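Worksheet for the structure shown next.
Protein chains: 2
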Amino acid sequence: MQISPLLESLISALRCLPGVGPKSAQRMAYHLLQRNRQAGLHLAHELNEAMNNIGHCKACRTFTEQEICTICANVRRQSSDQLCVVESPADIFAIEQTGQYSGRYFVLLGHLSPLDGIGPSDIGLDLLKSRLASESIHEVILATNPTVEGDATANYIAQMCNEFNIVATRIAHGVPVGGELEMVDGTTLSHSFVGRQKIDF
Amino acid sequence: MQISPLLESLISALRCLPGVGPKSAQRMAYHLLQRNRQAGLHLAHELNEAMNNIGHCKACRTFTEQEICTICANVRRQSSDQLCVVESPADIFAIEQTGQYSGRYFVLLGHLSPLDGIGPSDIGLDLLKSRLASESIHEVILATNPTVEGDATANYIAQMCNEFNIVATRIAHGVPVGGELEMVDGTTLSHSFVGRQKIDF
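Below you can see the structure in the form of structure tokens.
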């Protein structure tokens, strides 16, 4: 196989993107070279800017190029007494798109995982503790992933909240909206029974 | 929605890649920031290098950063009397991977399409003509796509070859290997009947 070395290294570099295998990478490289070199250069510039300048918010640990992210800097959000704890910055994006929540966030950037050597300080729980102690927070909403590690992390943080007499809540687990009962797995279904709510008239 | 402006522009820049929608672009951006900033910077560098330095081979018009691509510069290939005409550089990649062909190539970078105003000179047929006139070529293999435009382009080039008394051949159309007859469309099946070959013992 004899192709241009530069093209070959572009194709292999594109494979760092998640979900991009050799065929997609090849298609992307040829597409950019043949149809849209300007967009390729623009992408290179944006990648450089983002990788070099985006750091973590000092208050909530999400991605931002400033000291404090736009959500933490928002005055209306600062006056909220709710704090939502999530595992990754992408979760904030998903929650914000629902328009359901208007409080502050805290990003763990991971979850507790003793087997991998990830303890409380690795997921910023010391910072969270100091925020719980110093800020006026009434409720901590634990929106970690519904996995064993996510649940364990949520429990750990709930205990921490208890020390400061702060209410800790966990997001509901149950049947996804629009799904069919017979297609839902047993664990989810049993969660939806345990978490059943009274219908008020 | 309040996310970092730099992150937002990275996500929108990633959408220039073929097959990448808003969700994939978001996943890619978060993945690079969270797990692999080095790979992101490397990708930016490779994109810049490739977009700025890759041009077209003077002989066959494929992508290369040199004057003449590695295939055209190969002495063994130069002594071959076959020339394969393809629509895009990616086609060369596909043909090379079969290991079936060891001649030279010519890349049209498109196909004849009078409705879109794409005539013979736009797909480099003047350069091809001068190569047919000056080089010792015995056979031109027309490997354009099996579409209406690809077929029309192949016919046009076949007529050109005829002027120079060069044999023009078209790659076989037929049932794909490993496919099932009942799943093959009618046009392909009729092509496979027209192009049937005698079995020699």
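Line order of the protein sequences matches chains A and B. Each residue of the first sequence is one higher than the one before, starting from 1304 at the first, in our numbering. Each residue of the second sequence is one higher than the one before, starting from 1304 at the first, in our numbering. Cβ atoms here follow ideal geometry from the backbone N, Cα and C, with glycine treated the same way. Since the structure is predicted, the reported quantities are computational estimates derived from the model, not experimental observations.
Look at residue i and residue j and say whether their C-beta atoms are less than 7 Å apart.
i	j	result
L1445 (chain A)	A1457 (chain A)	yes
D1384 (chain B)	I1440 (chain B)	yes
G1453 (chain A)	H1494 (chain A)	no
C1319 (chain A)	L1313 (chain B)	no
A1353 (chain B)	L1309 (chain A)	yes
F1366 (chain A)	L1492 (chain B)	no
E1390 (chain B)	T1447 (chain B)	yes
K1361 (chain B)	I1374 (chain B)	no
P1321 (chain A)	R1340 (chain B)	no
A1328 (chain A)	L1317 (chain A)	yes
V1245 (chain B)	V1487 (chain B)	The question about residue 1245 (chain B) has no answer, for chain B in this structure spans 1304 to 1504.
S1307 (chain A)	E1442 (chain B)	no
L1431 (chain A)	R1364 (chain A)	no
I1395 (chain A)	Y1404 (chain A)	no
At the 7 Å Cβ level, is residue i part of the contact set with chain A, yes or no?
i	result
R1380 (chain B)	no
A1316 (chain B)	yes
I1357 (chain B)	yes
Buried or exposed for residue i, going by 16 or more other Cβ atoms inside 10 Å?
i	result
R1338 (chain B)	exposed
G1427 (chain B)	buried
R1379 (chain B)	exposed
A1471 (chain A)	buried
G1489 (chain B)	exposed
R1499 (chain B)	exposed
V1410 (chain B)	buried
E1466 (chain A)	exposed
I1460 (chain A)	buried
G1406 (chain A)	buried
I1502 (chain B)	exposed
S1424 (chain A)	exposed
E1349 (chain A)	buried
V1480 (chain B)	exposed
L1386 (chain B)	buried
A1397 (chain B)	exposed
A1332 (chain A)	buried
Does any residue of chain B have a CB that is nearer than 7 Å to the CB of residue i?
i	result
Y1333 (chain A)	yes
F1366 (chain A)	yes
E1349 (chain A)	yes
Which residues of chain A have a Cβ atom closer than 7 Å to the Cβ of residue i, listed in chain order?
i	result
E1352 (chain B)	L1309
S1327 (chain B)	G1322
Strictly below 7 Å CB to CB, what residues from chain B border residue i?
i	result
R1340 (chain A)	M1354
P1392 (chain A)	Y1333
S1312 (chain A)	E1349
Please compile the residues from chain A whose C-beta is within a distance smaller than 8 Å of the C-beta of residue i.
i	result
H1345 (chain B)	A1316, C1319
Name, please, each residue of chain B whose Cβ falls closer than 8 Å to the Cβ of residue i.
i	result
R1330 (chain A)	P1321, G1322, A1393
Q1507 (chain A)	Residue 1507 (chain A) falls outside the range modelled here, since chain A spans only 1304 to 1504, and no answer is possible.
For a contact defined as C-beta to C-beta under 9 Å, what are the partners of residue i on chain B?
i	result
I1306 (chain A)	T1365, F1366, T1367, C1372, T1373, I1374, P1392, I1395, F1396, E1399
Q1337 (chain A)	F1366, S1391, P1392, A1393, L1412
List the residues of chain A whose Cβ lies closer than 9 Å to the Cβ of residue i, in chain order.
i	result
S1495 (chain B)	Simply none; closest approach about 26 Å.
Is residue i near the ligand SAH, judged by its Cβ being under 6 Å from some heavy atom?
i	result
Y1408 (chain A)	Questions concerning the ligand SAH fall outside what the structure shown contains, since it holds no ligand whatsoever.
Continuous beta strand (DSSP E) assignments of at least 3 residues falling wholly in the segment 1404-1435 of chain A
Fully enclosed beta strand (DSSP E) runs of 3 or longer: 1407-1410.
Any alpha helix (DSSP H) of 4 or more consecutive residues that is wholly inside the segment 1307-1342 of chain B
The qualifying runs are 1308-1317, 1325-1338.
Residue ranges of each alpha helix (DSSP H) run of no fewer than 4 residues wholly in the segment 1444-1497 of chain A, ordered along the chain?
The qualifying runs are 1451-1466, 1489-1497.
Where are the beta strand (DSSP E) runs, 3 residues long or more, that stay fully inside the segment 1354-1404 of chain B, in chain order?
DSSP runs (the beta strand (DSSP E)) wholly in the segment 1354-1404 of chain B: 1385-1389.
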